[in-house]
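Here the structure comes first, spelled out in structure tokens, and everything after it is commentary.
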Amino acid sequence: MLVFALVFLAPILYSLYLSVFRSQLVGGTTFVGLDNYAQALQDPQFWEGLGRVSLFLVVQVPIMLGIALLVALALDSGRLYGKSFFRISIFMPYAVPAVVAALMWGFMYGTRFGLVGNINDALGVSLPNPLSPDLVLAAIGNIVTWEFVGYNMLIFYSALRVVPHSLYEAAEIDGAGQWRVITAIKLPAIRGALVIATIFSIIGSFQLFNEPSILQSLAPNAITTSFTPNLYAYSLSFSGQQYNYSATVAIIMGLITMVIAYVVQLRGMRKEP
Amino acid sequence: MTTTTLTTSAARTAPRLRTPRRHSVARPRRSPLLTALTAIVLLYSLVPLAWLLINATKTQEDLFSSFGLWFGEDFSLWENITTTLTYDDGVFVRWFLNTVLYVVAGAGGATFLAVLGGYALAKFDFPGKRAVFAIVIGAVAVPGTALAVPTFLMFSEMGLTNTPWAVIIPSLISPFGLYLMWTFAAEAVPGELLEAARIDGAGEFRTFFQVSLPLLAPGIVTVLLFTMVATWNNYFLPLIMLRDSSWYPLTVGLNAWNAQAATAGGEAIFNLVITGSLLTILPLVAAFLLLQRYWQSGLAAGSVKE
Numbered sequence: 045m046l047v048f049a050l051v052f053l054a055p056i057l058y059s060l061y062l063s064v065f066r067s068q069l070v071g072g073t074t075f076v077g078l079d080n081y082a083q084a085l086q087d088p089q090f091w092e093g094l095g096r097v098s099l100f101l102v103v104q105v106p107i108m109l110g111i112a113l114l115v116a117l118a119l120d121s122g123r124l125y126g127k128s129f130f131r132i133s134i135f136m137p138y139a140v141p142a143v144v145a146a147l148m149w150g151f152m153y154g155t156r157f158g159l160v161g162n163i164n165d166a167l168g169v170s171l172p173n174p175l176s177p178d179l180v181l182a183a184i185g186n187i188v189t190w191e192f193v194g195y196n197m198l199i200f201y202s203a204l205r206v207v208p209h210s211l212y213e214a215a216e217i218d219g220a221g222q223w224r225v226i227t228a229i230k231l232p233a234i235r236g237a238l239v240i241a242t243i244f245s246i247i248g249s250f251q252l253f254n255e256p257s258i259l260q261s262l263a264p265n266a267i268t269t270s271f272t273p274n275l276y277a278y279s280l281s282f283s284g285q286q287y288n289y290s291a292t293v294a295i296i297m298g299l300i301t302m303v304i305a306y307v308v309q310l311r312g313m314r315k316e317p
Numbered sequence: 174m175t176t177t178t179l180t181t182s183a184a185r186t187a188p189r190l191r192t193p194r195r196h197s198v199a200r201p202r203r204s205p206l207l208t209a210l211t212a213i214v215l216l217y218s219l220v221p222l223a224w225l226l227i228n229a230t231k232t233q234e235d236l237f238s239s240f241g242l243w244f245g246e247d248f249s250l251w252e253n254i255t256t257t258l259t260y261d262d263g264v265f266v267r268w269f270l271n272t273v274l275y276v277v278a279g280a281g282g283a284t285f286l287a288v289l290g291g292y293a294l295a296k297f298d299f300p301g302k303r304a305v306f307a308i309v310i311g312a313v314a315v316p317g318t319a320l321a322v323p324t325f326l327m328f329s330e331m332g333l334t335n336t337p338w339a340v341i342i343p344s345l346i347s348p349f350g351l352y353l354m355w356t357f358a359a360e361a362v363p364g365e366l367l368e369a370a371r372i373d374g375a376g377e378f379r380t381f382f383q384v385s386l387p388l389l390a391p392g393i394v395t396v397l398l399f400t401m402v403a404t405w406n407n408y409f410l411p412l413i414m415l416r417d418s419s420w421y422p423l424t425v426g427l428n429a430w431n432a433q434a435a436t437a438g439g440e441a442i443f444n445l446v447i448t449g450s451l452l453t454i455l456p457l458v459a460a461f462l463l464l465q466r467y468w469q470s471g472l473a474a475g476s477v478k479e
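Order-wise, the sequence lines are chains A and B. Counting from 45, one number per residue, gives the positions in the first sequence under the numbering used here. Counting from 174, one number per residue, gives the positions in the second sequence under the numbering used here.
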């Protein structure tokens, strides 16, 4: 509990404390009340970043969870050859650190010695550069999907495994087909897992940092220092020394994340039969 | 502990495997089509790893000149590994040892705390339990990265930044691990068993170590693996906490190598970045493969039942 307080409660209180001050070159640190919050809410860079991660959230998370769910259902159906090989192989990217994943995909995206460059040379076409400003968000989405499809698949699959088999047998006696079994038994049975996975994915999207920050060295023009709110908070503290404002941005993002996670949880639980 | 883990997990999975299934819903025909469709996802997952493996065998010149998914002219994997390990006075080895230190202290400690906390929350009643529940759920929702900047400022006032402590202490808390352990302990350790042990005169410590711990083993392995991955792969926290490159973990170090090519006068060492990446993921891949039966049974038992 002491450690918990030190690394969890204290930083929150401290950042709340920081967020109501402002330090200036002239006049030192002064109490400014909610001015930092007002500034953040009018900050176009903050809103652009928030818009970007929201777009990311509504596109990437459904794709990722959809693929994960399909694979989990396929594994659970018992209709696959080599099931355990599929399971462990698809899970494997989760063991790859975000840094390595981003570097790896970054190289593959690259037009110099990446696969995109290879395909262009081999076929004489010019595919659009994934690291260009228009496409870089999709490129990051692909990396994140690659990293976490297996992880989510495993969560769904584990939840499916504990569904009692007697239910399937009962369904079959009632004449239910595969599809009906999936929608009427399997999906409701793993609702808890679906909600948890969705919440973790939402948190992950809003906190997007590692992948864009690493790709930044490969695509400096496409990824600005305020590409995502988290990257913005980081740049504010460590390049701009604006600790107070950075704490404010972090708090606002934390609040937004918590509210959305809470709403998803409530919605997910309310549908419980 | 290994033997107990073995028997518990075997006992857990065995009945399911041996149950004869006559119905077609429970044991359907295998489907080549479904296998083929799932294989697309499999390829998607494995091709980048194959790319990494193949390109770790190339010299820097081959990286630029040869096709990405096939081998280059020279097979220089061993040479690349040697150069990676010796480059810049063996700094990679140093980073590797740092990572191991952070994982052992951070993930080990986090698992220890999660086991104690999860067990206590699942099996004891005490005032304020509901409040603790709310805080833990809140902590699962609050992302670690949002806390990183204030934690950095706090630690820097305490003089802890740029020391290993700055990485280890925040790693000690794993709300997800606590949550997993909590649900697992609630299911795996029957209250009656604890009652029986207490009636027989066992103290709380003895009950915990001799009765509960063996039952918790699959859950512990699962939590340990997930905290291990989290610590091994951690990037953001060490990135902001550490300035001295001799304390870097592998992740931060690799990115520093990669960024080196972009700086003026820096030597481009892409072949070392790629080989280093491969060496970084190997221990985790090995851990997952070796321990898979333990953590998978732990994960299944820990997930919410109907």
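We put the CB at the ideal spot given by N, CA and C, even for glycine.
Problem - Closer than 8 Å at the beta carbon, the chain B residues around A118 (chain A) - result: Mapped onto the first sequence, residue 118 (chain A) falls at position 74. Chain B residues near A118 (chain A): L207, L210 and T211.
Handout entry: Residue of B:T211, B:A229, B:F306 and B:A432 minimising C-alpha distance to Y352 (chain B)
Key = Taking the second sequence and counting its residues from 1, the one referred to as residue 352 (chain B) is at position 179. Of B:T211, B:A229, B:F306 and B:A432, the residue nearest in Cα terms is B:F306.
Exercise for the section: Can you say whether Q251 (chain A) is buried or exposed, counting buried as having 16 or more other CB atoms within 10 angstroms of its CB? Expected result: If you number the first sequence from 1, residue 251 (chain A) lands on position 207. Buried.
Practice task
Hey, could you find the ends of the alpha helix (DSSP H) D120 (chain A) is sitting in?
Solution key: Reading the first sequence from its first residue, position 76 is the one you call residue 120 (chain A). Start and end: P88 to D120.
Problem - Within-9 Å CB hit, M148 (chain A) to chain B - result: Numbered from 1 along the first sequence, position 104 holds the residue referred to as residue 148 (chain A). M148 (chain A) counts as touching chain B.
Practice task
Flag this pair as yes or no: are the beta carbons of V256 (chain A) and I246 (chain A) separated by less than 9 Å?
Solution key: As a working mapping, residue 256 (chain A) is identified with position 212 in the first sequence. As a working mapping, residue 246 (chain A) is identified with position 202 in the first sequence. One detail in the question is off: residue 256 (chain A) reads as Pro in this sequence, not Val. Their beta carbons are not under 9 Å apart, which means P256 (chain A) does not touch I246 (chain A) by this criterion.
Exercise for the section: Jot down the residue ranges of each uninterrupted beta strand (DSSP E) in the stretch 264 to 322 of chain B, minimum 3 residues, whole runs only, in chain order. Expected result: none
Practice task
For I134 (chain A), decide whether its Cβ has a neighbour in chain B, counting only Cβ atoms nearer than 9 Å.
Solution key: Locating residue 134 (chain A) in the first sequence gives position 90, where the first residue counts as 1. Judged by the 9 Å Cβ criterion, I134 (chain A) is in contact with chain B.
Exercise for the section: Please confirm whether G154 (chain A) and L262 (chain A) have their CB atoms less than 9 Å apart. Expected result: The sequence position of residue 154 (chain A) within the first sequence is 110, counting from 1. The sequence position of residue 262 (chain A) within the first sequence is 218, counting from 1. It is a contact, given that the beta carbons lie within the stated cut-off.
Practice task
Go ahead and pull the three-state DSSP assignment for S270 (chain A).
Solution key: By 1-based counting over the first sequence, the position of residue 270 (chain A) is 226. Of the three classes helix, strand and coil, the one that applies to S270 (chain A) here is coil, per DSSP.
Exercise for the section: Just confirm the distance between the C-beta atoms of N253 (chain B) and A229 (chain B), as a whole number of angstroms; I'd bet it's less than 8 Å. Expected result: In the second sequence, counting from the first residue as 1, residue 253 (chain B) sits at position 80. In the second sequence, counting from the first residue as 1, residue 229 (chain B) sits at position 56. Their Cβ separation, rounded to whole angstroms, is 6 Å, which keeps N253 (chain B) and A229 (chain B) in contact under 8 Å.
Exercise for the section: Would you identify the three-state DSSP class for I217 (chain A), choosing helix, strand or coil? Expected result: As a first step, residue 217 (chain A) must be located in the first sequence, where it is residue number 173. In this structure, I217 (chain A) counts as helix in the three-state DSSP scheme.
Exercise for the section: For A287 (chain B), return the contacting residues in chain A, with the cut-off set at a CB-CB distance below 7 Å. Expected result: Within the second sequence, numbered from 1, the residue matching residue 287 (chain B) stands at position 114. Those within 7 Å of A287 (chain B) in chain A number zero; the least Cβ separation is about 11 Å.
Handout entry: Sequence-distant residues of the same chain with beta carbon closer than 7 Å to V293 (chain A), five excluded per side
Key = The residue labelled residue 293 (chain A) in the question sits at position 249 within the first sequence. Excluding sequence neighbours, V293 (chain A) sits near A84, F90, P273, Y276, A277 and L280.
Practice task
Answer with buried or exposed for L60 (chain A), where buried requires no fewer than 16 other C-beta atoms within 10 angstroms of its C-beta.
Solution key: As a working note, residue 60 (chain A) is residue 16 in the first sequence. By the 10 Å Cβ count, L60 (chain A) comes out exposed.
Exercise for the section: For the alpha helix (DSSP H) holding P256 (chain A), just list the boundary residues, first then last. Expected result: Your numbering for residue 256 (chain A) matches position 212 in the first sequence. Counting along the chain, the alpha helix (DSSP H) containing P256 (chain A) begins and ends at N254 to L259.
Exercise for the section: Answer yes or no: does any C-beta atom of chain A fall closer than 9 Å to that of Q465 (chain B)? Expected result: Within the second sequence, the letter at position 292 stands for residue 465 (chain B). True, the Cβ-Cβ gap to chain A drops below 9 Å.
Practice task
State the Cα-Cα distance for the pair T395 (chain B) and V288 (chain B), rounded to the nearest angstrom.
Solution key: Stepping through the second sequence from its first residue, residue 395 (chain B) is reached at position 222. Stepping through the second sequence from its first residue, residue 288 (chain B) is reached at position 115. Approximately 11 Å between the Cα atoms of the pair.
Problem - Start-to-end residues for the alpha helix (DSSP H) that takes in W338 (chain B) - result: In the second sequence, the residue the question calls residue 338 (chain B) occupies position 165. Residues W338 to S344.
Exercise for the section: Could you say which of B:V446, B:P456 and B:L457 lies nearest to T232 (chain B) if we only look at CA atoms? Expected result: Within the second sequence, the letter at position 59 stands for residue 232 (chain B). T232 (chain B) has its Cα closest to that of B:V446, out of B:V446, B:P456 and B:L457.
Problem - Any chain B beta carbon closer than 9 Å to G95 (chain A) - result: Against the first sequence, residue 95 (chain A) aligns to sequence position 51. No, no contact with chain B.
Handout entry: Three-state class that DSSP yields for V394 (chain B) in the structure shown
Key = Here residue 394 (chain B) refers to the residue found at position 221 of the second sequence. Of the three classes helix, strand and coil, the one that applies to V394 (chain B) here is helix, per DSSP.
Problem - Buried/exposed call for E191 (chain A), threshold 16 Cβ in 10 Å - result: Locating residue 191 (chain A) in the first sequence gives position 147, where the first residue counts as 1. Buried is the call here.
Problem - Length-filtered (4 minimum) alpha helix (DSSP H) runs lying within the stretch 366 to 427 of chain B - result: 386 to 405 and 409 to 414
Exercise for the section: Using 10 angstroms around the beta-carbon of S419 (chain B), count the other beta-carbons present and answer buried if the total reaches 16, otherwise exposed. Expected result: Counting from 1 along the second sequence, the entry for residue 419 (chain B) is found at position 246. Exposed, by the Cβ-count rule.
Exercise for the section: Step through the CB atoms of chain A and report whether any lies within less than 9 Å of the CB of S450 (chain B). Expected result: Locating residue 450 (chain B) in the second sequence gives position 277, where the first residue counts as 1. Cβ-Cβ to chain A under 9 Å: yes for S450 (chain B).
Handout entry: Residue burial classification, T324 (chain B) (beta-carbon count within 10 angstroms, cutoff 16)
Key = The residue labelled residue 324 (chain B) in the question sits at position 151 within the second sequence. T324 (chain B) should be labelled buried.
Practice task
With a 10 Å radius around its C-beta and 16 neighbouring C-beta atoms as the bar for buried, classify R136 (chain B) as buried or exposed.
Solution key: Residue 136 (chain B) lies beyond the range of chain B shown here (174 to 479); nothing can be said about it.
Practice task
Return no unless some Cβ of chain B is closer than 9 Å to the Cβ of V307 (chain A).
Solution key: Numbered from 1 along the first sequence, position 263 holds the residue referred to as residue 307 (chain A). Not one chain B Cβ lies under 9 Å of V307 (chain A).
Exercise for the section: Just the C-alpha distance for E365 (chain B) and L101 (chain A), rounded to the nearest angstrom, thanks. Expected result: Counting from 1 along the second sequence, the entry for residue 365 (chain B) is found at position 192. Counting from 1 along the first sequence, the entry for residue 101 (chain A) is found at position 57. Those two C-alpha atoms are separated by around 46 Å.
Handout entry: Cutoff 7 Å; reference Y305 (chain A); Cβ partners in own chain excluding five residues on either side
Key = Taking the first sequence and counting its residues from 1, the one referred to as residue 305 (chain A) is at position 261. Correcting the residue type first, residue 305 (chain A) is Ala in the shown sequence and not Tyr. The answer, listed in chain order, is I243, I246 and I247.
Practice task
Anything in chain A within Cβ reach of V446 (chain B), meaning under 7 Å, just list it in chain order.
Solution key: Looking up residue 446 (chain B) in the second sequence gives position 273. Neighbours of V446 (chain B) on chain A, chain order: L147.
Practice task
Let me know the secondary structure DSSP gives A153 (chain A) once reduced to three states.
Solution key: Working through the first sequence from its first residue, we reach residue 153 (chain A) at position 109. Checking the displayed sequence, the identity of residue 153 (chain A) turns out to be Tyr instead of Ala. Helix, per DSSP.
Exercise for the section: To the nearest angstrom, report how far apart A215 (chain A) and H209 (chain A) are at their CA atoms. Expected result: Counted from its first residue, the first sequence places residue 215 (chain A) at position 171. Counted from its first residue, the first sequence places residue 209 (chain A) at position 165. Whole-angstrom Cα-Cα distance: 10 Å.
Problem - Residue from A:G110, A:S121, A:V307 and A:L78 whose Cα sits closest to the Cα of Y212 (chain A) - result: Numbered from its first residue, the first sequence carries residue 212 (chain A) at position 168. Checking every option, the nearest Cα to that of Y212 (chain A) belongs to A:S121.
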